[in-house]
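J.: Numbering (the working numbering), first residue to last: 11 to 296.
C-beta: ideal position from N, C-alpha, C; glycine also.
All of these numbers come straight from a predicted model, not from anything done at the bench.
Got a structure here, written out as structure tokens. Questions coming.
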């Protein structure tokens, strides 16, 4: 996949919106362009001051055609591909950019959203307690990273994946929908096979990785797949949206028998503003 900040050159009118501290660009027909900018945990949504015109439907349609053409021109790159193509929606990956297009009848008007990471950190940047690092080194665990959108969950997951790959020597794979983690080329990133992450999990069992990153665990079926993979003995880290570590546990309870929860999940990291705010350990006692 792409390194941080690496993507094919976009058309000038799009590239100019991707200023250094911009995380997300929002373009919608007949609306002023807006961007979300700032550091992890302190992102703010603002209108682009330099822009004096709004984008109309035809301009957005042409921009999307240009982006699809760039994907085709860069098919030789493993980080440039069409991830999702459905009626009313299309998701592209262009280097470190995830680009989502939507149009009627799915959305009320045509829009393009461009998302990119604003930081790439190593595990050493988090100044973790040695006990937690040792816990992560033992990669035969079930771990959740939870937090609100934009809190830095994915950035931490990337740091853990690369730490296990380079420092521990673990064989790491990912299950992603869409595939947008920025990882070393030797870490294979799997999408839903035939649109189904359960089928991806079947392949995971065959290739026998030491550790799997599951980004993101959203729906009830995702939690069930997480449990199935973990109970098969594979080390697993899931990224999920939750307001607290306890809420993340609650989302798992009900999908898994209560007596198995601590076997499926033993460590929860709650992230806020790019920092680990809470670490919970799950154990069963009789």
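Who are the Cβ neighbours of residue 46 in its own chain at under 6 Å, not counting the five residues just before and after it?
T.: 33, 34, 53 and 55
J.: Using the Cα positions of residue 88 and residue 131, report the straight-line distance between them to the nearest angstrom.
T.: 22 Å
J.: Would you please state the rounded distance, in angstroms, between the beta carbons of residue 291 and residue 277? I believe it to be under 8 Å.
T.: At roughly 6 Å, the Cβ-Cβ gap stays under 8 Å, so residue 291 and residue 277 are in contact.
J.: Quick check: the region 219–233 against the region 115–133, are at least 3 beta-carbon pairs closer than 8 Å?
T.: Remark: fewer than three beta-carbon pairs, one from each stretch, lie closer than 8 Å, so the region 115–133 and the region 219–233 are not flagged as touching.
J.: Please tell me whether residue 65 and residue 24 are closer than 8 Å, where the distance is taken between their beta carbons.
T.: no
J.: Among the residues of its own chain, which have a CB less than 7 Å from the CB of residue 3, if the five just before and after it don't count?
T.: It is not possible to answer for residue 3, since the shown part of the chain is limited to 11 through 296.
J.: Could you give the DSSP three-state label for residue 215: helix, strand or coil?
T.: helix
J.: Taking the C-alpha atoms as reference points, what is the distance between residue 200 and residue 191?
T.: 11 Å
J.: Evaluate the contact criterion for the region 154–164 versus the region 248–268: three or more CB pairs, one atom per stretch, below 8 Å.
T.: yes
J.: Hey, residue 122 and residue 109: beta-carbon distance below 8 Å or not?
T.: yes
J.: Counting C-beta neighbours from all protein chains within 10 Å, is the total for residue 209 16 or more, i.e. buried, or is it exposed?
T.: exposed
J.: Is the Cβ-Cβ distance between residue 164 and residue 225 less than 8 Å?
T.: yes
J.: Whose CA, out of 189, 41, 273 and 176, lies closest to the CA of residue 238?
T.: The residue from 189, 41, 273 and 176 with its alpha-carbon nearest to that of residue 238 is 273.
J.: Taking the alpha carbon of residue 284 as the point to measure from, which residue in 50, 103, 229 and 28 has its own alpha carbon closest?
T.: 50
J.: Going by other Cβ atoms of all chains shown within 10 Å of its Cβ, with 16 needed for buried, is residue 82 buried or exposed?
T.: exposed
J.: Look up residue 110 in the DSSP assignment and give the residues it is bridged to.
T.: Listed as beta-bridge partners of residue 110 by DSSP are 101 and 123.
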